[in-house]
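Residue numbers (the numbering used here): -16 to 121.
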C-alpha cells in the first residue's frame, strides 16, 4: 500500500512516503466503487491520524476510474463499442498521469492530464476536493 517499500515497521524518524497508489480490482458488484467513494469522501481525514507518526502532514485522495477515462475518450472520438486502440490510448493516458503525479519521467508527448481532471466528466473519478486534510497549520 505505501509507496517505495514503506512498511509498518518504519518508525517516526523515517522519511514520509511520497505517495501511495491503491489499485482495486475484483468481480462486478464486489464493492470497489463503494469503497472508492468512501475513501474519496472520508479517506483523507481517516488516514492522516494513522500516517502522522510517520511524518505525513497532509493526505489527498484521488479516485481515477479507468472505465470513465475510456468512456470519455470513446465519446470524444465518436466510438461505440470496444476498440483496442482506444483502450491503449486510455491506458497510456492513465499511466502518464500517474507517473507524472509521482514524479516519474513520462517520456515524449504532450503533458499528461492531472489526476484530478482525468476522467472528470464521468461519475466515478475525482479528488477529495478542496484542500487536502492536513495536520496543524500547513
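The beta carbon of each residue, even a glycine, is placed where N, CA and C say it ideally should be.
Taking every protein chain shown into account, the CB of residue 10 has fewer than 16 other CB atoms within 10 angstroms, so this residue is exposed. Beyond the five residues adjoining it in sequence on each side, residue 49 comes within less than 7 Å, by CB distance, of 73, 77 in the same chain, given in chain order. Between residue 31 and the set 2, 80, 53, 83, the nearest pair of CA atoms involves 2. Membership of residue 64 in any alpha helix (DSSP H) is not indicated, and neither H nor E is assigned to it by DSSP.
Taking the Cα positions, residue 68 is about 16 Å away from residue 79. Look at the beta carbons and you see the segment 56 to 63 not touching the segment 33 to 46: under three pairs across the two are nearer than 8 Å.
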